[in-house]
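Visitor:
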Amino acid sequence: MIDFEYVRASDVADAVRQSAASTGAKFIAGGTNLIDLMKEDVEKPRRLIDISRLPLKQVEETAEGGVKIGALVPNSDLAYHSLIERRYPVLASAILAGASAQLRNMASIGGNLLQRTRCYYFYDAATPCNKREPGSGCPAIEGLNRMHAILGASEHCIATHPSDMCVALAILEARVHVAGPDGERVIPFPDFHRLPGDMPQTDTNLQPHEIVTAVEIPPQGFAKNYTYLKIRDRLSYAFALVSVAAGLEIEDGTIKEARFALGGVAHKPWRNRAAEDLLRGQAANAGNFQQAADILLREAKGYSHNRFKIDLARRTIVRALTQAARGTPQIQSDKKVR
Amino acid sequence: MNYIGTPISRVDGQAKVTGQAKYAGDVNVPGLVFGAVVTSTIAKGRIKSIDTSAALKVKGVLKVLTHKNRPALPKSDQAWKDDIAPGGSPFRPLYDDKVMFSGQPVALVLAEEWETARYAASLVHVEYAAKPHITDLQAAREKAFTLKKSKKPRGDAAKAFSSAEVRHEAEYFIPTEHHNPMELFASTAIPEKRGKLTVYDKTQGVQNVHRYLCSVFKKKKGDIRVMSPFMGGGFGSGLRPQYQVVLAVMGALTLKRPVRLMLTRQQMYGLGYRPASIERLQLGAQRDGTLHAITHEAIVVTSQFEEFSSSDTEWADRLYKSPNAKFVHKLARLDVPTSCDMRAPGATTGVYGLECAMDELAVALKLDPVELRLRCYSDKDQSVNLPYTSKNLRECYQQGAKAFGWEKRNPVPRSMRDGNELVGWGMATGVWEALQMPAAARIVLGANGHAEISCATSDIGTGTYTIMAQVAADALGLPIENIGIKLGDSTLPQSPVEGGSWMAASVSHAILGVADEVRKTLFDAAKKIKGSPLSGVKFEDVTLSDGKIVSKKDPARAMTIAHVMRERRLDRIEKEKLHKFKKDEKHARNTHSAIFAEVKIDEELGVIRVTRVVNAVAAGRILNTKTARSQIMGGVVWGIGMALHEETAYDHKFGRIMNANIAEYHMPVNADIHDIEVIFVDEPDEHINPLGIKGVGEIGIVGTAAAIANAVYHATGVRVRDLPITLDKLRR
Ligand SMILES: Cc1cc2nc3c(=O)[nH]c(=O)nc-3n(C[C@H](O)[C@H](O)[C@H](O)COP(=O)(O)OP(=O)(O)OC[C@H]3O[C@@H](n4cnc5c(N)ncnc54)[C@H](O)[C@@H]3O)c2cc1C
Ligand code: SF4
């Protein structure tokens, strides 16, 4: 852990200003990810700008009929917020599938978006890692890669984004509100996280000194036919091997709208429009779900320890879509898969 | 007896939940210096250079110790051997430039603040000259060797195997696992007047650490006092002195100031561990379910510099009759720290292999797995050809099966279901030693009817404080509230390290022995009182009960202890005695268990849930049914972790543990644990010791993983022989 400076931001503009005024500064919200990484000398910010007291803790309805969630709303508050439970239960469920109660109490929405990969090598400063030290190599490709990507990886990095919440936000087509030295902007969810390519050190398209202020969700919430199904190595408190957020709109047995995204398989929540298009207008049955899964996984590539994830992902997609279609979403406190 | 055998709550429970119980890393004294360790990033080689200049420049840093500037340390291996050191050359921190494993301490930073020490530690720059290393057991197995000449085989197992009607042969694998006790290893070394030193240490044996430190630092016995009043879990990790205690003392002696050194969670993985093992089994049976040949060969990890060895292989001799048997225990050297004891060392891994093999044999024989075990049931320990002091394993099978509902089991794999889930029922046998060691205790009985009992043992969280109080209260005839317990202090009466499940028996009989002396003193005093109601009563006929010394034959003949002491002007009676168990060479001593497990496995996704476990244990008389039950439950939980979750993940290219933290090293969480039923089968034992107790700290884990693995097979028809059973292995 390095010696660092600690300052508190008085408002969003001040946070941006303070960040821009120093090199190597980092925002800290709940600290559940950043502090761990600092202890391991993975993150070495010279200055911590504490944003945890900024007034970004509201969950408000938007004119459009959606909701806008402040970046500092604690994960657990959001999961148990009545508006979210009622209209976006897939989001509530995904949050509750992650981490532990204590962590969810501390973790913020912004921090959850920006949490970093759990790749073992990334966490161990004694080993090379392109994400931590660009150009040093990626030992995971030939090493321990059970938790790693099967989609969208590059020869430079095969890490996954570990968030559960973000998988739900992907199918809800959230928009991320940010503020930076050049003012405010809104980033559509698919453009927020990026693939590793030849710049694995960069997880997102956030520009330097930009701060996430809110996440906005459009009205469509799939409150009737949804699920969040997470498969992991123990029944709670473990990152996903594969997870699926699914939302369907079904009329008379026909799928009107279908969205599903995968967690634990790529550097960002993974969606495939073609797979979703295929389901539209079709009957909600296992055969169709299977086909959609096949499309999404067509380009999947496994490594020595994670090849099983391709087949597991296929099965999990089918089960998740089945749960959603049946209206029997996975209940996170019940570890029996429905 | 009022207290023995009852579910008394922990006498130290309140101190623990209120934070009054101080652990080794909690001790605070004025002028305390904080240490932080720098560990090696390579697995093998030499330190070319260590640059500490940047660290030394940090304000508040007092010293950085390395092999270059450390105080003098002894050369001989002997000086570094603790009481239970295996053969070889013990590890010595900061001794020279040799790196023998990744995570080896290479520098100690000492600073005024802990944060400063940790920051400065990150600035210490070490250059290494790496040499090729090996950390993969599979790659080292060919070079495995036997330590001592293996025991002479019984009969000809190979021949009997090849002519057996039904044969099973397979290899089972258990990865390296770490203890992961909740409390981090820590030591606080405090210099006292006249060159003396008090050391608070996280250890399972204060006197072991005491002797070790005296030897390493060339101190006289009276110069060092080692304290460990509480321990947040040991499981064997604290049996041997760990390097942080050496470093803390080194720091304190160098700076002449108190030093606290606490390892980080990551650094805990640089200590001992349960060694990975390959268990090869060959079982040959006749169609009637009798065994004719058992061969069990284990290949187990040790370090390049010591030969830690536990017994993985001979358990079959205690459980199953077979005229031919061969057991071979091999060690494979890797560039890792020395392995060490971890809850039921040897048995946990060896019995896992054996009991899975027995299950596979039962399948081959088309016999119920319980029935197979009954047909091979051995009333003798065949390795020594002796009967047991007691062995109520039959009753364990019976009561366990009944509580579980085993008779409703359809033996066909994949035949039982619950919705999407396949249901599997599996069982296994557990066996562990019933050991006992010499130990001493002191009783100081005051005229106010309060007694203080002391012994240098540790309470590693198992409930030693509590059972000591129970036994003492019964032996002295006092209410348990009047009993004070002191332990975890090297100056107290002799105790072995706390391990091997031997402490309950050892310390209880030490207390009984010295309580007898107290009774004698009281009796002699009572008789001298004029008109004593006890005159003419024989010593054998008096007992202490309800605060009185009383004739067993005629309870009317009694005097209160308080009265006796007052009359005879005794303000205290102090006695100390070393207790040794009578040698019994006519019996073998073991605890036994039968474990029944239910798993439910999602057929498509492979998600495994252990929905029920029944563990029926025969372990002599149970001193405290509450703390004993907790021990078995903890063992079962650990067995679930062993079966499904635990694995220390090495990257063999770096020779380094990559999941060295408890987020990524998985052990069960609450969601993984459902119904656990513990049954203590009645097992009177007249031979083992006067109280008939055997110890229950380890038996709960033995066999549990096998029962689960067997249940997984029964559910799915897939036999996973390499632990942990993760869902991907069901579809290989
Ligand atoms: C043991 C463990 C298990 C976990 N398991 C799971 C799991 O199963 N599923 C899961 O989804 N998550 C899991 N998590 C991760 C957890 O969800 C994240 O740590 C948490 O969401 C991060 O939020 P925070 O507010 O604490 O972020 P911080 O640690 O404060 O910050 C994280 C990063 O985000 C940046 N940041 C924070 N807020 C903003 C902002 N508003 N604008 C710009 N940058 C910002 C920080 O600079 C930092 O780089 C686990 C964490 C731990 C420690
Ligand atoms: S997968 Fe990415 S994060 Fe992991 S070692 Fe490779 S580069 Fe680093």
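Chains as they are written, first to last, in our numbering: chain A, 167 to 504; chain B, 31 to 762. Cβ coordinates follow ideal geometry from the N, Cα and C atoms, glycine included.
1. Where the beta carbon is closer than 7 Å to any heavy atom of ligand 2, which residues qualify, in chain order?
2. Please go through the same chain and pick out, in chain order, the residues whose beta-carbon is closer than 7 Å to the beta-carbon of proline 354 of chain A, but skip the five residues on each side of it.
3. Please report the straight-line C-alpha distance between serine 536 of chain B and lysine 630 of chain B, rounded to a whole angstrom.
4. Just by C-beta distance, which residues in the stretch 472-489 of chain A are closer than 9 Å to chain B?
5. Between the stretch 192-223 of chain A and chain B, which residues of the former have CB atoms less than 7 Å from a CB of the latter, in chain order?
6. With DSSP collapsed to three states, give me the class of phenylalanine 569 of chain B.
7. For a minimum of 3 consecutive residues, which ranges assigned as the beta strand (DSSP E) are wholly contained in the stretch 46-116 of chain B?
8. Would the C-beta of isoleucine 377 of chain A count as close to ligand 1, meaning under 7 Å from any of its heavy atoms?
9. Select from B:Thr176, B:Ile473 and B:Trp532 the residue whose C-alpha is nearest the C-alpha of glycine 514 of chain B.
10. With distances taken Cα to Cα, identify the nearest neighbour of aspartate 318 of chain B among B:Ala556, B:Arg751, B:Ala188 and B:Val196.
11. Ligand 1 and proline 328 of chain A: does any heavy atom of the ligand fall closer than 7 Å to the residue's C-beta?
12. Could you tell me if the beta carbon of lysine 192 of chain A falls within a distance shorter than 7 Å of some heavy atom in ligand 1?
13. Alpha carbon to alpha carbon, how far is glutamine 272 of chain B from histidine 208 of chain B?
14. Figure out for me which residue from B:Met257, B:Pro353, B:Ser267 and B:Thr71 has the closest Cα to the Cα of alanine 159 of chain B.
15. Please state whether the Cβ-Cβ distance between asparagine 740 of chain B and cysteine 386 of chain B is less than 8 Å.
16. For the 8 Å Cβ check, are there 3 or more pairs between the stretch 574-594 of chain B and the stretch 621-630 of chain B?
17. Just by C-beta distance, which residues in the stretch 53-69 of chain B are closer than 8 Å to chain A?
18. Taking the beta carbon of tyrosine 289 of chain A as the centre, do at least 16 other beta carbons fall within 10 Å, making it buried, or is it exposed?
19. Can you tell me whether leucine 395 of chain A sits near ligand 1, meaning its C-beta is under 7 Å from at least one heavy atom of the ligand?
20. According to DSSP, simplified to helix, strand and coil, what is threonine 482 of chain A?
21. Regarding glutamine 224 of chain A and ligand 1, is the C-beta to nearest heavy atom distance less than 7 Å?
22. Mind checking if asparagine 450 of chain B is an interface residue toward chain A, Cβ cutoff 8 Å exclusive?
23. Name, going along the chain, the residues of the stretch 708-736 of chain B whose beta-carbon falls closer than 7 Å to a beta-carbon of chain A.
24. Give the single residue among B:Lys607, B:Tyr149 and B:Arg549 whose Cα lies nearest to the Cα of aspartate 207 of chain A.
25. Based on Cα-Cα distance, which residue from B:Gln234, B:Asn645 and B:Ile692 lies nearest to alanine 736 of chain B?
26. Quick check: the Cα distance between alanine 481 of chain B and proline 120 of chain B, rounded to an integer number of angstroms?
27. Pull up the distance between the alpha-carbon of alanine 181 of chain A and that of histidine 163 of chain B, whole angstroms please.
28. Cutting at 6 Å between CB atoms, please list the residues of its own chain near tryptophan 455 of chain B, excluding the five before and the five after it.
29. If we ignore side chains and look at the alpha-carbon of each, how far apart do leucine 227 of chain B and alanine 291 of chain A end up?
30. Shorter than 7 Å, the distance from the beta carbon of alanine 237 of chain A to the closest heavy atom of ligand 1, or not?
31. Report the CB separation of glutamate 547 of chain B from lysine 607 of chain B in whole angstroms; it is logged as a contact under 8 Å.
32. Between alanine 701 of chain B and chain A, is any beta-carbon pair separated by less than 8 Å?
33. Buried or exposed for alanine 229 of chain A, going by 16 or more other Cβ atoms inside 10 Å?
34. Within 10 angstroms of its Cβ, does isoleucine 497 of chain A collect 16 or more other Cβ (buried), or is it exposed?
35. Which class does isoleucine 215 of chain A belong to by DSSP, given the choice of helix, strand or coil?
36. Answer yes or no: the CB of isoleucine 337 of chain A versus the heavy atoms of ligand 1, is any distance below 7 Å?
Guide: According to the structure data:
1. Any residue whose Cβ sits closer than 7 Å to a heavy atom of ligand 2 makes the list: A:Thr283, A:Cys285, A:Tyr287, A:Phe288, A:Cys295, A:Asn296, A:Lys297, A:Arg298, A:Cys304, A:Pro305, A:Ala306, A:Ile307, A:His314, A:His322, A:Cys323, A:Ile324, A:Ala325, A:Pro362 and A:Pro366.
2. As a working mapping, residue 354 of chain A is identified with position 188 in the first sequence. If we look at proline 354 of chain A and ignore the five residues flanking it on each side, its Cβ neighbours are Arg341.
3. For the purposes of this step, residue 536 of chain B is taken as residue 506 along the second sequence, with counting starting at 1. For the purposes of this step, residue 630 of chain B is taken as residue 600 along the second sequence, with counting starting at 1. Between serine 536 of chain B and lysine 630 of chain B, the C-alpha separation is close to 42 Å.
4. Shown in chain order are the members of the stretch 472-489 of chain A whose Cβ falls below 9 Å from a Cβ of chain B: Asn472, Arg473, Phe474, Lys475, Asp477, Leu478, Arg481, Thr482, Val484 and Arg485.
5. Cβ contacts with chain B come from Asp207.
6. In the second sequence, counting from the first residue as 1, residue 569 of chain B sits at position 539. In the structure shown, phenylalanine 569 of chain B adopts helical secondary structure according to DSSP, grouped into three states.
7. Listed in chain order, they are 63-69, 75-81 and 91-95.
8. The sequence position of residue 377 of chain A within the first sequence is 211, counting from 1. Yes, ligand 1 has a heavy atom inside 7 Å of this Cβ.
9. Your numbering for residue 514 of chain B matches position 484 in the second sequence. Cα-wise, what sits closest to glycine 514 of chain B is B:Ile473.
10. Taking the first residue of the second sequence as position 1, residue 318 of chain B is located at position 288. A check of alpha carbon separations from aspartate 318 of chain B across B:Ala556, B:Arg751, B:Ala188 and B:Val196 identifies B:Val196 as the nearest.
11. Counted from its first residue, the first sequence places residue 328 of chain A at position 162. Proline 328 of chain A: yes, Cβ under 7 Å from ligand 1.
12. Working through the first sequence from its first residue, we reach residue 192 of chain A at position 26. At least one heavy atom of ligand 1 is nearer than 7 Å to the Cβ of lysine 192 of chain A, so yes.
13. The residue labelled residue 272 of chain B in the question sits at position 242 within the second sequence. The residue labelled residue 208 of chain B in the question sits at position 178 within the second sequence. So the two alpha carbons sit approximately 15 Å from each other.
14. Translated into positions along the second sequence, residue 159 of chain B becomes position 129. Residue B:Thr71 is the option with its Cα nearest to alanine 159 of chain B.
15. The sequence position of residue 740 of chain B within the second sequence is 710, counting from 1. The sequence position of residue 386 of chain B within the second sequence is 356, counting from 1. Yes, the Cβ-Cβ distance between asparagine 740 of chain B and cysteine 386 of chain B is below 8 Å.
16. No: the two stretches stay apart, fewer than three of their Cβ pairs being nearer than 8 Å.
17. If the cut-off is 8 Å between Cβ atoms, the stretch 53-69 of chain B has nothing near chain A.
18. Position 123 of the first sequence holds residue 289 of chain A. With 16 or more Cβ atoms within 10 Å of its Cβ, tyrosine 289 of chain A is classed as buried.
19. Start at 1 with the first residue of the first sequence, and residue 395 of chain A comes out as number 229. Leucine 395 of chain A Cβ: outside cutoff for every heavy atom of ligand 1.
20. As a working note, residue 482 of chain A is residue 316 in the first sequence. In this structure, threonine 482 of chain A counts as helix in the three-state DSSP scheme.
21. Here residue 224 of chain A corresponds to residue number 58 of the first sequence, with the count starting at 1. No - ligand 1 has no heavy atom lying nearer than 7 Å to the Cβ of glutamine 224 of chain A.
22. As a working note, residue 450 of chain B is residue 420 in the second sequence. At least one chain A Cβ lies under 8 Å of asparagine 450 of chain B.
23. Under the 7 Å Cβ criterion, the stretch 708-736 of chain B contributes no residue.
24. Numbered from 1 along the first sequence, position 41 holds the residue referred to as residue 207 of chain A. The shortest Cα separation from aspartate 207 of chain A among B:Lys607, B:Tyr149 and B:Arg549 belongs to B:Tyr149.
25. Indexing the second sequence from 1 puts residue 736 of chain B at position 706. If we check each option's Cα against that of alanine 736 of chain B, B:Asn645 comes out closest.
26. For the purposes of this step, residue 481 of chain B is identified with residue 451 of the second sequence, where counting begins at 1. For the purposes of this step, residue 120 of chain B is identified with residue 90 of the second sequence, where counting begins at 1. Looking at the two C-alpha atoms, the distance is approximately 41 Å.
27. As a first step, residue 181 of chain A must be located in the first sequence, where it is residue number 15. As a first step, residue 163 of chain B must be located in the second sequence, where it is residue number 133. One Cα belongs to alanine 181 of chain A, the other to histidine 163 of chain B, and the distance between them is close to 49 Å.
28. Taking the second sequence and counting its residues from 1, one reaches residue 455 of chain B at position 425. Cβ neighbours of tryptophan 455 of chain B within its own chain (closer than 6 Å, five residues either side excluded): Arg439, Glu628, Ala741 and His744.
29. Indexing the second sequence from 1 puts residue 227 of chain B at position 197. Indexing the first sequence from 1 puts residue 291 of chain A at position 125. It is roughly 37 Å from the alpha-carbon of leucine 227 of chain B to the alpha-carbon of alanine 291 of chain A.
30. Within the first sequence, numbered from 1, the residue matching residue 237 of chain A stands at position 71. Answer for alanine 237 of chain A: yes, Cβ within range of ligand 1.
31. Within the second sequence, residue 547 of chain B is the residue found at index 517, counting from 1. Within the second sequence, residue 607 of chain B is the residue found at index 577, counting from 1. That belief holds up - the Cβ atoms of glutamate 547 of chain B and lysine 607 of chain B are roughly 6 Å apart, short of 8 Å.
32. Numbered from 1 along the second sequence, position 671 holds the residue referred to as residue 701 of chain B. Yes - at least one Cβ of chain A is within 8 Å of the one on alanine 701 of chain B.
33. Locating residue 229 of chain A in the first sequence gives position 63, where the first residue counts as 1. Burial call: exposed.
34. Here residue 497 of chain A is taken as the residue at index 331 of the first sequence, counted from 1. The residue in question, isoleucine 497 of chain A, is exposed, as its Cβ has fewer than 16 Cβ neighbours within 10 Å.
35. If you number the first sequence from 1, residue 215 of chain A lands on position 49. Reduced to three states, the DSSP call for isoleucine 215 of chain A is strand.
36. Against the first sequence, residue 337 of chain A aligns to sequence position 171. Taking non-hydrogen atoms of ligand 1 into account, the C-beta of isoleucine 337 of chain A is found less than 7 Å away from none of them.
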